[in-house]
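Counted the way this note's numbering counts, the sequence shown spans residues 124 to 384.
Reading through the structure tokens given below for one structure.
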Amino acid sequence: MIRPEAVLLGMLAACGVVGAVWLTVRIARPSAALTSSLWRIALLALWLMPAATCLNDSLHVSPLTVPVDVPVMMRAGPTAPTMPPMAPSLSPVARLEQGAPVLPWRWAPIRARGALLWLWGAGVALGAAGLLRDVMKARRLVRAGVLAASAGLTDSLATLSRAVGLKVSPQPVQSDRTAAPAVFGLRRPTLLLPAGFVLDCGASEAVIVHELAHLRRRDLVTQLAARVTLATLWWHPLAWLVSRELGASAEEACDDWAVAV
Ligand SMILES: [Zn+2]
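As structure tokens, then:
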């Protein structure tokens with residue numbers, strides 16, 4: 124059984140990591156790529172810190188986990204019969220007065236705990252529905268497009284993909300339902316292009332390199348992880364901060380790729 128106190132401790136530790144990243148980025152002003160990596164660490168911390176404290180809590184059972192009103196016989200094992208008779212069960216207030224370790228969560232009425240869980244579950248369901256809607260929308264957009272079979276475009280795309288460090292070029296698809304190039308897909312990436320898009324050596328090349336850099340940096344995976352985090356920790360302000368900073372730093376890092384290539 125995971126104690127809420129262990130989760131809370133992990134959350135506080137994660138807040139410390141997020142705060143450290145925020146200060147580092149604000150004070151040291153690292154490159155966009157490094158900033159993006161730091162925010163990825165912050166995103167991981169939001170999951171790993173609570174997981175670590177819960178694991179530690181389950182491995183080292185704290186005396187606080189033994190309820191005060193558990194019969195002494197049950198706690199003492201085989202020698203229990205020789206122990207004095209158990210104390211009568213006390214109310215939380217009485218326990219506090221006696222200095223016994225009473226945990227706030229255990230004080231909470233069962234109904235309040237249930238209501239909180241329902242509220243959290245409703246937020247998770249909403250977040251998951253939003254994520255699913257966006258994924259389906261992207262799939263429909265790609266499916267409605269037309270495979271761009273121009274040899275010139277395919278060759279230019281292959282050259283730029285190699286320059287960025289991609290082993291496989293994304294599949295180019297043109298659509299009149301998009302105004303700007305964008306990449307989709309984790310397993311088989313697709314580069315969605317506006318209808319009539321011409322890939323030349325000017326600004327359009329920089330735009331494509333920017334999109335290819337998103338694939339090279341695996342930003343789509345990070346984006347998905349951030350969306351899942353937001354769906355789960357929708358109530359956590361720092362989850363929103365990390366998600367926003369992740370997106371902004373990824374865009375800056377891809378702009379740097381577009382300038383450099
Ligand atoms: Zn971008």
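A virtual CB, placed ideally from N, CA and C, is assigned to each residue, including glycine.
Are the Cβ atoms of residue i and residue j separated by less than 7 angstroms?
i: residue 306; j: residue 314; result: yes
i: residue 365; j: residue 165; result: yes
i: residue 136; j: residue 172; result: yes
i: residue 280; j: residue 295; result: yes
i: residue 379; j: residue 151; result: no
i: residue 269; j: residue 335; result: no
i: residue 271; j: residue 297; result: yes
i: residue 353; j: residue 244; result: no
i: residue 330; j: residue 384; result: no
i: residue 356; j: residue 362; result: yes
i: residue 309; j: residue 343; result: yes
Do you know offhand how far residue i's Cα is from residue j's?
i: residue 317; j: residue 254; result: 24 angstroms
i: residue 162; j: residue 300; result: 32 angstroms
i: residue 284; j: residue 291; result: 7 angstroms
i: residue 144; j: residue 273; result: 45 angstroms
i: residue 132; j: residue 174; result: 10 angstroms
i: residue 247; j: residue 360; result: 15 angstroms
i: residue 260; j: residue 311; result: 17 angstroms
i: residue 157; j: residue 340; result: 12 angstroms
i: residue 183; j: residue 176; result: 10 angstroms
i: residue 348; j: residue 181; result: 26 angstroms
i: residue 371; j: residue 252; result: 24 angstroms
i: residue 169; j: residue 323; result: 43 angstroms
i: residue 241; j: residue 234; result: 10 angstroms
i: residue 139; j: residue 257; result: 32 angstroms
i: residue 167; j: residue 237; result: 28 angstroms
i: residue 149; j: residue 381; result: 24 angstroms
i: residue 159; j: residue 367; result: 11 angstroms
So, is residue i buried or exposed, given that buried needs 16 or more other C-beta atoms within 10 angstroms?
i: residue 337; result: buried
i: residue 124; result: exposed
i: residue 141; result: buried
i: residue 293; result: buried
i: residue 345; result: buried
i: residue 126; result: buried
### Query
Would you call the region 259-277 and the region 366-378 in contact, with 3 or more CB pairs under 8 angstroms?
no
#### Entry: Runs of beta strand (DSSP E) lying entirely within the region 313-379, each at least 3 residues, in chain order
313-317
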